[in-house]
Amino acid sequence: MKTIAKEELINFHYSKKEVLSEPIEITKRNMDLQRAMLLGNIAHGKVKITFLDFQHNLFLVETTIWAATEEIVCLKGNLFIPKNAIIQID
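51 is the number of the first residue of the sequence shown in my numbering; add one for each residue after it.
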């Protein structure tokens with residue numbers, strides 16, 4: 051796993067496929083995203099996001115989550131990660 055700066059996300063290409071295979075994993079990711087959004091909006095706290103790019107390389111970025119929709123996660127600095135590319139939020 052490679053740790054990157056959030057500014058590097060602008061150059062990433064993501065898979066169109068869902069990276070999680072189990073519905074319970076997807077539910078957990080959604081719950082973790084909701085908590086991370088609250089942390090980001092109330093306390094400006096950062097979280098660690100583990101995700102895959104389109105070649106299935108594993109990356110970690112530490113950033114603030116501002117919002118999450120059904121398809122994307124909006125990060126500080128007007129950056130985005132598709133929700134389906136995220137494996138875990140710590």
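Glycine included, C-beta positions come from ideal geometry on N, C-alpha and C.
If you ignore the 5 residues before and after residue 67, its C-beta comes within less than 8 Å of the C-beta of 134, all in its own chain and listed in chain order.
Of all alpha-carbon atoms in 108, 128 and 70, the one lying nearest the alpha-carbon of residue 52 is that of 108. Burial of residue 125 is indicated by the presence of at least 16 other C-beta atoms within 10 angstroms of its C-beta. By the C-beta density criterion, residue 90 is buried, having at least 16 other C-beta atoms within 10 angstroms. With respect to the C-alpha of residue 112, the residue from 77, 136, 70 and 80 having the closest C-alpha is 136. The shortest CA-to-CA distance from residue 61 to any of 139, 129 and 83 is the one to 129. Setting aside the 5 residues that flank it on each side, residue 88 has no residue in the same chain whose C-beta is closer than 6 Å to its C-beta. For residue 112, the three-state secondary structure derived from DSSP is strand.
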